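Here the sequence shown is numbered in numbering that gives the first Met the number 0, starting from 0 and rising by one per residue. Even glycine gets a Cβ: it sits at the ideal position worked out from N, Cα and C. Note that the coordinates shown come from a computational prediction; the quantities given were computed from them, not determined experimentally. The block underneath contains the structure these notes are about, expressed in structure tokens.
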Amino acid sequence: MRTIGKFTNSDVDERKTLPLNSRITLRQLRALKAVAEHGTIAAAADTLGLTGPAIHSQLKNLEEILETPVLETAAGGRRAPTAAGEA
């Protein structure tokens, strides 16, 4: 059994089998909602009192859990939710 950080392989595998609703965090959903409402990561970060990289990290983690993109770049460089991001 190999250790990855503070987790073993079996811990990591077990986390992947948890239901989605136990892996998705409220912080990730708030980040997605803010970007969808404001159109940019920067505006969402200002609204939530976070940095752009923090918002980006939350969105990236959410996409990894869902195994699909939640945002796409729309006209004018604004971010819009994908079908998965709206669901």
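With a cutoff of 8 Å on beta-carbon distance, A30 and L19 are scored as not near each other. Between A82 and V69, the alpha-carbon positions lie close to 7 Å from each other. By alpha-carbon distance to H55, the top candidate from G75, E66, T39 and A86 is T39. According to the DSSP assignment, P52 belongs to the alpha helix (DSSP H) that extends over G51 to L65. The three-state reading of DSSP puts A73 in coil, since its state is none of H, G, I, E or B. Each of G75, A42 and E63 was checked against the Cα of Q27, and the nearest Cα belongs to E63. G84 sits close to A35, with the two beta carbons spaced by under 8 Å.
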